[in-house]
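**Student:** In UniProt numbering, the protein residues as written are 1 to 288.
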């Protein structure tokens, strides 16, 4: 397996990061123009169309997640054929061009309607619950985003590759995104205690459980025996491979976490917490 979250400053090119910044700016501008802006975008029409299927916020939430999951997992499943047909970079651009608008619609709808369902329980005033939810959410992001270690590949600045990570968070679980999503969903469902959030959590967890099977299938197809070797040393359930002795931790394993990508995730997670009011205000303005 590959060493995850490595970042060698000496091997970085300023031109690549300038290109990445430019691409990010262009993508966000196009996303705003084509999808988000009420005057020019199709985002509201898309959400309105889904809302026309059902008056239930829970059903609409699940449909939005299903549409995103179908395109996201579907395109991931045909990645090899797609890259062979149009090239790695072109396929990554197409993948992002479809996934980003759909995930924005789903997130905005969730933010705007998270309190619109049936209240199932109310524990926000219980001492310690806020701290529990905060810590759980913080931990969830450490699992959620190590799958995007190589930002230059995500933006197709560098040639996108399918990696076989094995160190760092992968020693705990080879499917950190699924584990992080489950933790995040449980924490937010506990905090909000609402049927809309419960529906969103069920949909998101189901999508990521499918992703576990699909991800292993794709890696087995791509890497064969090499993946089977990594699979034998790792686990889906967190810490299972460590506890049963299949995963041998090096003495300095903690150093695998003291790396720039993990530190960046920590900074972004703290920033996202304090930016909650801004995200909510931006979502409310869209009236999706």
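For each residue, glycine too, the CB sits at the ideal point set by N, CA and C.
Report the option in 82, 144, 55 whose CA atom is closest to the CA atom of residue 261.
**Tutor:** By one-based count along the chain shown, residue 261 stands at place 261. Taking residue 261 as reference, the option from 82, 144, 55 with the minimal CA-CA separation is 144.
**Student:** Please report how far the alpha carbon of residue 94 lies from the alpha carbon of residue 63, in whole angstroms.
**Tutor:** For the purposes of this step, residue 94 is taken as the residue at position 94 of the chain shown. For the purposes of this step, residue 63 is taken as the residue at position 63 of the chain shown. Residue 94 and residue 63: Cα-Cα distance of roughly 22 Å.
**Student:** Inspect the CB distances between the stretch 67-84 and the stretch 211-219 and report whether three or more fall short of 8 Å.
**Tutor:** At 8 Å Cβ cutoff, the stretches touch.
**Student:** For residue 165, which beta-bridge partners are listed by DSSP?
**Tutor:** Position 165 of the chain shown, counted from the start, is the residue given in the question as residue 165. Paired residues: 2.
**Student:** Just list the alpha helix (DSSP H) runs in the stretch 168-217, keeping only unbroken ones of 4 residues or longer that don't cross its boundaries, in chain order.
**Tutor:** 176-192
**Student:** Quick one: which unbroken alpha helix (DSSP H) runs of 4-plus residues sit fully inside the stretch 75-128? Chain order, please.
**Tutor:** 79-86, 88-113
**Student:** Start and end of the alpha helix (DSSP H) containing residue 276?
**Tutor:** Here residue 276 is taken as the residue at index 276 of the chain shown, counted from 1. First-last of the alpha helix (DSSP H) with residue 276: 276-286.
**Student:** How is the alpha helix (DSSP H) around residue 30 delimited, first residue to last?
**Tutor:** On the chain shown, residue 30 is found 30 positions in, with the first residue counted as 1. That run of the alpha helix (DSSP H) goes 14-31.
**Student:** At a cut of 8 Å, does the stretch 122-137 reach the stretch 183-197 through at least three beta carbon pairs?
**Tutor:** yes
**Student:** Whole angstroms is fine: what's the gap from residue 10's alpha carbon to residue 90's?
**Tutor:** Mapped onto the chain shown, residue 10 falls at position 10. Mapped onto the chain shown, residue 90 falls at position 90. Their Cα atoms are separated by approximately 28 Å.
**Student:** Restricting to Cα atoms, I'd like to know which of 164, 105, 218, 272 is closest to residue 42.
**Tutor:** One-based indexing of the chain shown puts residue 42 at position 42. Of 164, 105, 218, 272, the residue nearest in Cα terms is 105.
**Student:** For residue 289, does the three-state DSSP call read helix, strand or coil?
**Tutor:** No information on residue 289 is available, as it lies outside the stretch 1 to 288 that the chain covers here.
**Student:** Once the 5 residues before and after residue 236 are set aside, which same chain residues still bring their CB inside 8 Å of it?
**Tutor:** Residue 236 sits at position 236 when you count from the first residue of the chain shown. 173, 174, 175, 178, 212, listed in sequence order.
**Student:** Below 9 Å between beta carbons: does that hold for residue 167 and residue 5?
**Tutor:** Sequence index remark: in the chain shown, residue 167 carries index 167 (1-based). Sequence index remark: in the chain shown, residue 5 carries index 5 (1-based). Yes, the pair counts as a contact, with Cβ atoms nearer than the cut-off.
**Student:** If I'm right that residue 196 touches residue 113 with Cβ under 8 Å, what's the distance once you round it to whole angstroms?
**Tutor:** On the chain shown, residue 196 is found 196 positions in, with the first residue counted as 1. On the chain shown, residue 113 is found 113 positions in, with the first residue counted as 1. Residue 196 to residue 113, Cβ: 6 Å. Contact.
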